[in-house]
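*Asks:* Following this message is one structure expressed as C-alpha cells.
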Amino acid sequence: MCASQPESAEVLAVLGEFKAAQERRVRQYVRFNDAFTEYLRSKDEGPFRQLMVDTTRAFAEVNESVRAAEAQLSGDLARPDLAAHLRQLQEAEGAKLKFTLVHQALKKEASMERFSWQQGQEVEQQSSSLGDPSDEEGAHANGHGHCCSRPPEPTEEEFNNALTEATLELQAAVTSINDALMELQEAEEELREETET
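In UniProt numbering, the protein residues as written are 1 to 197.
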C-alpha cells in the first residue's frame, strides 16, 4: 500500500510507539519469569505477589498503548492491515499470558511435592471414599462433604499431559506473536523506503 511521505511518517511514528510499548511488555515478562523462578527456589511469596501487582499494572498500560495505536491505524491513518496485525498480536499476547499463568500454576503445584505419585505412593481411588463423605476433609455434619473437600488428585500422567498442553499452547501464542511482529517489521521497512524516496 502506497502512502504519501507525511502519512508514512505518521504511521512510522505510531509503529514506533507500539514497538516501545511491546519492548516494555517483554522486559516485564523477563522480570515476571525471573521472579517466579526465584519464588520456586525460595518459596517466599511476598516479593512475587508484589511483582504480580506491578506486572498487572504494566501490562494494562501496554495494552492501552497498543489499543491506541490500533485505533489510530484503523482510523485516521487508514491502515486497517496494520491495525489487524496489532489485533492479532494482542489476542496472542492474551493467550500467552493465560498459558504462562497456567504453566506457572502447574509448576508451583509440582514444586510443593504434595502429590502421592511424587512421594512414591499409590494414588487412592476417588471412588473408595465416596461412600462416606465424613472421611473428606471439611465435611459438614449434614453429610455434604463436597463444599470444602479438595478436588481429586491428578495422576502423574494427567499432570504431565496438562503441563505439555500448557507448554504447547504457550509456544503457539509466542509463534503467533512473532508472526505478527514480523509482518509489522516488513511493513515498517516498506514505509521507511517510501519516506527515503
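Glycine included, every Cβ here is placed at the ideal spot set by N, Cα and C.
How should residue 11 be labelled, buried or exposed, when 16 other C-beta atoms within 10 angstroms of its C-beta is the threshold for buried?
*Replies:* Label assigned to residue 11: buried.
*Asks:* How would you call residue 69, buried or exposed, if buried means at least 16 neighbouring beta carbons within 10 angstroms?
*Replies:* The residue in question, residue 69, is buried, as its Cβ has 16 or more Cβ neighbours within 10 Å.
*Asks:* Taking the beta carbon of residue 93 as the centre, do at least 16 other beta carbons fall within 10 Å, making it buried, or is it exposed?
*Replies:* Buried, because 16 or more other Cβ atoms sit within 10 Å of the Cβ of residue 93.
*Asks:* I think residue 74 touches residue 83, with their Cβ atoms under 8 angstroms apart; what is that distance to the nearest whole Å?
*Replies:* 4 angstroms between Cβ atoms; contact.
*Asks:* Are the Cβ atoms of residue 25 and residue 62 separated by less than 8 angstroms?
*Replies:* Yes, these two residues count as a Cβ contact at 8 angstroms.
*Asks:* What would DSSP say about residue 136, mapped onto helix, strand or coil?
*Replies:* Its pLDDT being 46, under 50, residue 136 is placed unreliably by the model, and the measurement read from it follows with that caveat. Residue 136: coil per DSSP, three-state reduction.
*Asks:* So the alpha helix (DSSP H) residue 78 belongs to, where does it begin and stop?
*Replies:* Taken as a continuous stretch (DSSP letters only), residue 78 belongs to no alpha helix (DSSP H), as it is neither H nor E.
*Asks:* Could you give the first and the last residue of the continuous alpha helix (DSSP H) run that contains residue 159?
*Replies:* 156-196 is the span of the alpha helix (DSSP H), which, as asked, contains residue 159.
*Asks:* Can you give me the C-alpha to C-alpha distance between residue 8 and residue 157, rounded to a whole angstrom?
*Replies:* Distance between the alpha carbons of residue 8 and residue 157 is about 54 angstroms.
*Asks:* Taking 7 angstroms as the limit between beta carbons, can you name the residues of its chain near residue 180, skipping five residues before and five after?
*Replies:* Excluding residues within five positions, the ones whose Cβ falls inside 7 angstroms are 85, 88, 89 and 92.
*Asks:* Count the other CB atoms within 10 Å of the CB of residue 79; is the residue buried (16 or more) or exposed (fewer)?
*Replies:* Label assigned to residue 79: buried.
*Asks:* Determine the DSSP secondary structure at residue 96, reduced to helix, strand or coil.
*Replies:* It is helical.
*Asks:* Residue 198 to residue 188, Cα distance in whole Å?
*Replies:* No statement about residue 198 is possible, as the shown extent of the chain runs from 1 to 197 and does not include it.
*Asks:* Let me check understanding here. Comparing Cα to Cα, which of 36, 71 and 35 lies closest to residue 18?
*Replies:* The shortest Cα separation from residue 18 among 36, 71 and 35 belongs to 71.
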